[in-house]
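K.L.:
Sharing a structure, written as structure tokens. Questions coming.
2 protein chains.
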Amino acid sequence: MALVNQPRPAGQHTVRRHNSALVLGAVVESPGMSRAGVAARTGLAKATVSSLVDRLVAAGLLAETGPQARSGRGRRGTGLSLSPSGPHGLGVEIGVDYLATCLVDLTGEVHALRIRPGDNRAASVARVLARVTRAVRTAFADAQRRGVPVGGVGVAVPGLVEAATGLLRVAPNLGWRDVDVRAEVRRRLGLGDLPVLVGNEADFAALAELWCGGHPDLRDFLHVSGEIGIGAGLVVDGTLFRGVRGFGGEIGHVCVDPVGPECACGARGCLERLAGQEWILRAAGVWDGVGPLRPPAALLDELVDRLTAEDGRALRAVRGAGRSLGIGVSAVLNAVDVPTVVLGGSYARLERWLRPSLQNELDRRVVSAAWSRVEVLGATLGTEAAVRGAAGAVLHEIIIDPDPYVSTVLPG
Amino acid sequence: MALVNQPRPAGQHTVRRHNSALVLGAVVESPGMSRAGVAARTGLAKATVSSLVDRLVAAGLLAETGPQARSGRGRRGTGLSLSPSGPHGLGVEIGVDYLATCLVDLTGEVHALRIRPGDNRAASVARVLARVTRAVRTAFADAQRRGVPVGGVGVAVPGLVEAATGLLRVAPNLGWRDVDVRAEVRRRLGLGDLPVLVGNEADFAALAELWCGGHPDLRDFLHVSGEIGIGAGLVVDGTLFRGVRGFGGEIGHVCVDPVGPECACGARGCLERLAGQEWILRAAGVWDGVGPLRPPAALLDELVDRLTAEDGRALRAVRGAGRSLGIGVSAVLNAVDVPTVVLGGSYARLERWLRPSLQNELDRRVVSAAWSRVEVLGATLGTEAAVRGAAGAVLHEIIIDPDPYVSTVLPG
DNA sequence: GTTCTAAGTTCAGTGCCCGAACGATTAGCC
DNA sequence: GGCTAATCGTTCGGGCACTGAACTTAGAAC
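These protein sequence lines map, in sequence, to chains A and B.
All the letters of the first sequence, read from the start, carry residue numbers 1 to 412 under full-length UniProt numbering.
All the letters of the second sequence, read from the start, carry residue numbers 1 to 412 under full-length UniProt numbering.
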């Protein structure tokens with residue numbers, strides 16, 4: 001919660017703010033709970049919970065779902081859950097060859113997902129931002145048509161974003177440098193006070209897996225996504241750990257083999273060169289390495305086909321990538337201690353074949369694996385993970401600390 | 001602050017607790033400040049500050065240092081600072097070949113530092129713990145003689161400690177496994193409710209550098225200490241980042257060269273084998289690599305002598321170590337984004353000679369270095385860093401959240 | 001229909017922060 | 001020396017948020 005690491009004085013309003021989040025959090029964890037249940041769970045008095053719930057209902061965050069179906073005697077509680085007509089998160093993803101937008105409601109449901117293909121590498125920054133503006137306008141219209149408010153805009157970009165400012169420092173695959181995406185989006189759309197979050201695509205994908213993924217109770221993990229580069233999102237205690245300035249997760253250039261092939265970064269044997277999508281496809285013989293890269297999805301399909309058919313070359317290639325990945329990831333795990341690795345991006349589809357050699361390296365190299373094995377999981381969300389995460393991040397901010405949003409909705 | 005990540009209901013007492021920490025924190029950052037100054041700085045009302053300060057003074061945490069010497073008219077404020085007779089932290093370090101204890105007061109001053117040589121590798125766990133017990137008893141007596149209370153005990157151990165439980169999972173150089181150091185110390189000393197913290201030696205050393213080191217405004221860094229192994233302590237935003245369970249910082253086995261020499265861990269080319277103390281001393285020709293290792297301090301002296309004399313072999317050895325360190329550390333920095341590296345342990349003395357090759361690798365390999373160079377600093381505390389950190393950690397807990405301590409001292 | 005149990009609301013009580021007013025202390029100036 | 005202005009620290013009434021207990025509402029069991 002924001003109110004504590006910031007050295008701000010606390011007053012009664014702070015208490016209410018904290019407890020609002022507490023109540024909301026209880027409902028998030030156990031949807032359908034009654035006011036009395038929330039009181040029991042949080043330790044707050046019933047009177048307090050009633051007062052807070054009323055406020056959250058008035059703001060459109062919570063909704064009463066009618067009397068609970070419960071056996072035993074006594075009055076039935078009125079169920080509470082996150083309101084599907086409450087604020088929606090508007091997510092945008094600026095991909096290398098597409099632009100995606102979507103709306104996500106408080107229950108995690110995705111609406112109005114739109115994906116617009118188009119090479120963003122070839123166009124100028126201004127041109128791409130104009131596209132983004134149009135896409136976001138359309139998404140706002142979607143929200144209006146559905147009659148729901150937009151709680152904020154989340155923008156996923158394939159590059160390094162400075163956490164404090166929202167400044168995109170560099171996006172290699174887009175050819176961008178020092179673009180103030182947050183300010184540009186704000187200015188072009190005239191969003192007023194609406195929150196605009198800008199973050200790394202891999203980080204948002206990790207968060208999506210945390211919030212909407214298929215692994216319950218997953219709170220601590222390293223989400224490794226193999227795309228053109230290799231990005232990692234570190235989630236600790238249900239929170240993304242971005243490092244000091246937000247440039248963390250760049251594991252693509254961990255040294256895996258000092259005498260390996262040269263990398264664009266100048267070093268040799270970087271993880272990206274030995275376990276990146278491109279290398280796997282080449283080593284598997286799926287792609288000849290010359291000419292423009294065909295749509296990666298198609299190539300990946302072919303690779304999966306060959307793996308399923310137990311093609312020796314493909315199997316060897318993926319096994320090798322798993323080994324390299326194991327060496328690189330174990331370095332990170334030893335440094336930051338996370339018990340789980342989630343394979344995302346294109347790795348998700350290769351999980352079955354990557355896992356053996358990856359797990360083997362992790363078992364050997366991670367110090368704590370001796371008494372607590374590193375768990376390797378496949379991501380459950382597909383390519384939409386990043387947009388969903390971007391939209392979800394907006395909602396997460398509201399759920400973690402609902403008072404600012406409530407204040408904008410309610411008078412006073 | 002503890003009260004927030006834990007989903008506990010907040011009440012008026014929570015506000016007071018938070019603001020107590022706020023006031024204390026303001027005085028820590030600007031010793032000698034007056035009540036009015038604290039009010040201005042924190043944003044609290046003067047009345048509130050007065051009330052809180054009175055409480056903290058009564059508990060012995062703050063002390064009035066008399067009227068401020070200040071020019072200009074108006075009544076002079078009464079200076080406030082951390083009380084040197086307030087609670088002291090009692091630090092213990094269980095080293096491989098020594099046992100150290102000390103007392104640290106709230107101002108960071110070290111008292112009653114005692115170092116007892118003795119091989120803890122040869123003795124049984126119970127025997128070593130008995131030694132620890134005696135040493136701590138003596139330190140308690142030191143405190144009593146000085147007439148100051150002990151706020152808690154911090155224990156530094158050369159191994160992996162599970163954060164949640166204080167369980168020492170493994171200490172390779174001590175030959176320990178699964179020792180509940182916290183419970184043992186509690187039981188043997190009958191400490192009642194007194195806080196007992198157990199942590200990794202490298203982590204505590206990093207914290208000592210943060211709290212008492214010679215680099216002001218150092219809040220985010222990776223503290224790398226070269227001893228028998230290579231340990232790292234990651235400090236982000238003035239807080240140690242231990243990872244989920246506390247096993248972070250094990251960078252000794254990052255892969256630096258897959259075709260390098262074999263390591264005890266089974267892998268090849270681990271950082272520890274290429275930049276560890278032992279390897280440097282051997283490559284420099286200071287140690288022949290056979291027979292029992294002489295006291296490392298003496299060997300290190302010799303190495304520094306040769307480096308000062310510009311001995312080619314020694315220079316090459318250290319340069320190589322710096323390069324390896326750079327490869328390993330850059331992997332960590334890319335993953336977690338920290339702008340500064342502090343060279344501690346035996347590396348501190350070699351900083352001058354390690355730095356060029358280390359910095360060179362970091363410049364090349366750390367992605368964010370392109371627009372923000374990684375800073376390399378030498379640690380300013382010597383071998384006592386870990387004990388001081390252990391003692392300091394106890395005090396840090398009190399300063400971060402003084403209310404629990406205040407409650408034990410004051411009635412009500 | 002009565003009784004029992006649980007949910008949710010109302011209300012007086014308490015703790016804490018805040019702003020304003022007030023007493024205390026010091027420098028500058030006539 | 002006495003007056004003024006500025007600053008520090010304390011005192012006091014007011015308001016806000018949580019609490020516990022009493023009360024109302026609602027449903028099930030007998």
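All C-beta atoms, glycine included, are put in the ideal place defined by N, C-alpha and C.
By the 7 Å beta-carbon criterion, what residues does the stretch 314 to 341 of chain B contribute toward chain A?
P.N.:
Those residues of the stretch 314 to 341 of chain B that come within reach of chain A (Cβ to Cβ, closer than 7 Å) are 327, 331, 332, 334, 335, 336, 337, 338 and 339.
K.L.:
Would you say residue 32/B and residue 65/B are within 8 Å of each other, going by their C-beta atoms?
P.N.:
As a first step, residue 32/B is located in the second sequence; it is residue number 32 there, counting from the start. As a first step, residue 65/B is located in the second sequence; it is residue number 65 there, counting from the start. Yes, the Cβ-Cβ distance between residue 32/B and residue 65/B is below 8 Å.
K.L.:
Count the other CB atoms within 10 Å of the CB of residue 2/A; is the residue buried (16 or more) or exposed (fewer)?
P.N.:
Looking up residue 2/A in the first sequence gives position 2. With a pLDDT of only 26 at residue 2/A, under the threshold of 50, the placement of this residue in the model should not be trusted; the figure read from the coordinates follows. Exposed: under 16 other Cβ atoms inside 10 Å.
K.L.:
Report the rounded CA-to-CA distance for residue 361/A versus residue 341/B, giving the unit in angstroms.
P.N.:
Taking the first sequence and counting its residues from 1, one reaches residue 361/A at position 361. Taking the second sequence and counting its residues from 1, one reaches residue 341/B at position 341. So the alpha carbons of these two residues sit roughly 28 Å apart.
K.L.:
What residues in the stretch 183 to 213 of chain B bring their beta carbon closer than 7 Å to a beta carbon of chain A?
P.N.:
Listed by position along the chain: nothing, the set is empty.
K.L.:
Between residue 259/B and chain A, is the shortest Cβ-Cβ distance under 8 Å, so that the two count as touching?
P.N.:
Translated into the one-based positions of the second sequence, residue 259/B becomes position 259. Output row for residue 259/B: interface = yes.
K.L.:
Examine the Cβ distances between the stretch 211 to 218 of chain A and the stretch 242 to 258 of chain A and report whether three or more of them are shorter than 8 Å.
P.N.:
No, because fewer than three Cβ pairs between the stretch 211 to 218 of chain A and the stretch 242 to 258 of chain A fall closer than 8 Å, the two stretches do not touch.
K.L.:
Run down chain B in chain order and give the residues with a C-beta less than 8 Å from the C-beta of residue 244/A.
P.N.:
Taking the first residue of the first sequence as position 1, residue 244/A is located at position 244. Within 8 Å Cβ-Cβ: 220, 236, 237, 337, 338 and 339.
K.L.:
Near residue 68/A, what residues of its chain come up, given a Cβ to Cβ distance below 8 Å and the 5 sequence neighbours on each side ignored?
P.N.:
Here residue 68/A is taken as the residue at index 68 of the first sequence, counted from 1. Once the five neighbours on either side are set aside, the close Cβ partners of residue 68/A are 32, 34, 76, 77, 78 and 79.
K.L.:
Is the CB of residue 10/A under 8 Å away from at least one CB in chain B?
P.N.:
Within the first sequence, residue 10/A is the residue found at index 10, counting from 1. Taking Cβ atoms only, chain B reaches closer than 8 Å to residue 10/A, which makes this a yes.
K.L.:
How about residue 160/A and residue 200/A: do their beta carbons lie closer than 8 Å?
P.N.:
Stepping through the first sequence from its first residue, residue 160/A is reached at position 160. Stepping through the first sequence from its first residue, residue 200/A is reached at position 200. Result yes, Cβ atoms of residue 160/A and residue 200/A sit closer than 8 Å.
K.L.:
Among the residues of its own chain, which have a CB less than 6 Å from the CB of residue 365/A, if the five just before and after it don't count?
P.N.:
As a working note, residue 365/A is residue 365 in the first sequence. Within the same chain, residue 365/A has close Cβ partners 330.
K.L.:
Which full runs of the alpha helix (DSSP H) of 4+ residues lie inside the stretch 307 to 384 of chain A, going along the chain?
P.N.:
Those alpha helix (DSSP H) runs which fall completely within the stretch 307 to 384 of chain A and span 4+ residues are 312 to 336 and 346 to 365.
K.L.:
If we count the other Cβ atoms within 10 Å of its Cβ and call it buried at 16 or more, is residue 262/B buried or exposed?
P.N.:
By 1-based counting over the second sequence, the position of residue 262/B is 262. That one is exposed.
K.L.:
Give the DSSP-derived three-state secondary structure of residue 29/A in the structure shown.
P.N.:
Counting from 1 along the first sequence, the entry for residue 29/A is found at position 29. Of the three classes helix, strand and coil, the one that applies to residue 29/A here is helix, per DSSP.
K.L.:
Less than 8 Å between the CB atoms is what I'm expecting for residue 335/A and residue 232/B, so what's the real figure, rounded?
P.N.:
The count along the first sequence starts at 1 and reaches residue 335/A at position 335. The count along the second sequence starts at 1 and reaches residue 232/B at position 232. Between residue 232/B and residue 335/A the Cβ distance is about 7 Å, and since that is below 8 Å, they are a contact.
K.L.:
Can you list the residues of chain A that residue 364/B reaches, using a CB-CB cut of under 9 Å?
P.N.:
Against the second sequence, residue 364/B aligns to sequence position 364. Per Cβ cutoff of 9 Å: 265, 266 and 267.
K.L.:
Note down, in chain order, each residue of its chain lying with its Cβ closer than 7 Å to the Cβ of residue 5/A, except the 5 sequence neighbours on either side.
P.N.:
Translated into the one-based positions of the first sequence, residue 5/A becomes position 5. Confidence at residue 5/A is low in this model, with a pLDDT of 44, below 50, so the placement of that residue should be treated as unreliable; the coordinate-derived value is given next. None.
K.L.:
Start and end of the alpha helix (DSSP H) containing residue 142/A?
P.N.:
In the first sequence, counting from the first residue as 1, residue 142/A sits at position 142. Start and end: 125 to 146.
K.L.:
Quick one: residues in its chain with C-beta nearer than 8 Å to the C-beta of residue 143/A, no 5 flanking neighbours on either side, listed in chain order?
P.N.:
What you label residue 143/A is simply residue 143 of the first sequence in a count that begins at 1. Contacts found: 88, 90, 103, 112, 149 and 150.
K.L.:
Three-state secondary structure (DSSP) at residue 4/A?
P.N.:
In the first sequence, residue 4/A corresponds to position 4, counting from 1. Legend: pLDDT at residue 4/A = 33, less than 50; position of this residue unreliable, no value from coordinates given.
K.L.:
If contact is defined by three or more beta carbon pairs under 8 Å, each pair taking one atom from either stretch, is the stretch 262 to 272 of chain A in contact with the stretch 312 to 322 of chain A?
P.N.:
Result no; under three Cβ-Cβ pairs closer than 8 Å.
K.L.:
Output needed in chain order: residues of the stretch 17 to 43 of chain A with a Cβ under 7 Å from some Cβ in chain B.
P.N.:
Answer set for the stretch 17 to 43 of chain A: 18, 19, 22, 25, 42 and 43.
K.L.:
Nearest-angstrom Cα distance between residue 381/A and residue 392/A?
P.N.:
Residue mapping note: residue 381/A aligns to position 381 of the first sequence, counting from 1. Residue mapping note: residue 392/A aligns to position 392 of the first sequence, counting from 1. In a straight line, the C-alpha of residue 381/A is about 13 Å away from that of residue 392/A.
K.L.:
Which residues in the same chain as residue 337/B place their Cβ atom closer than 8 Å to its Cβ, once the five residues preceding and following it in sequence are excluded?
P.N.:
The sequence position of residue 337/B within the second sequence is 337, counting from 1. Correct list, in chain order: 368.
K.L.:
Can residue 21/A be considered in contact with the ligand HEM, in the sense that its beta carbon sits closer than 7 Å to one or more heavy atoms?
P.N.:
Absence of the ligand HEM is noted for the structure shown, with no ligands found whatsoever.
K.L.:
Starting from residue 117/B, follow its DSSP beta bridges and name the residues at the other end.
P.N.:
The count along the second sequence starts at 1 and reaches residue 117/B at position 117. According to DSSP, which records beta bridges pairwise, residue 117/B is partnered with 98/B.
K.L.:
Taking all protein chains shown into account, decide if residue 118/A is buried (16 or more other Cβ within 10 angstroms of its Cβ) or exposed.
P.N.:
Mapped onto the first sequence, residue 118/A falls at position 118. Residue 118/A is exposed by the Cβ-count criterion.
K.L.:
Apart from the five residues on each side of it in sequence, which residues of its chain come closer than 6 Å, Cβ to Cβ, to residue 38/A?
P.N.:
Position 38 of the first sequence, counted from the first residue, corresponds to residue 38/A. Correct list, in chain order: 23, 26 and 49.
K.L.:
Grouping DSSP H, G and I as helix and E and B as strand, with all else coil, what is residue 427/A?
P.N.:
What is shown of chain A runs 1 to 412, which leaves residue 427/A out entirely.
K.L.:
Go to residue 58/B, then tell me how far its alpha helix (DSSP H) extends in each direction, as first and last residue.
P.N.:
Position 58 of the second sequence holds residue 58/B. 46 to 58 is the span of the alpha helix (DSSP H), which, as asked, contains residue 58/B.
K.L.:
Look at the alpha carbon of residue 57/B and the alpha carbon of residue 198/B, and state the distance between them as a whole number of angstroms.
P.N.:
Numbered from its first residue, the second sequence carries residue 57/B at position 57. Numbered from its first residue, the second sequence carries residue 198/B at position 198. Distance between the alpha carbons of residue 57/B and residue 198/B is about 29 Å.
K.L.:
Among the residues of its own chain, which have a CB less than 6 Å from the CB of residue 248/A, if the five just before and after it don't count?
P.N.:
The count along the first sequence starts at 1 and reaches residue 248/A at position 248. Cβ within range, chain order: 242.
K.L.:
Give the DSSP bridge partners of residue 239/B, in chain order.
P.N.:
For the purposes of this step, residue 239/B is taken as residue 239 along the second sequence, with counting starting at 1. Paired residue(s): 236/B.
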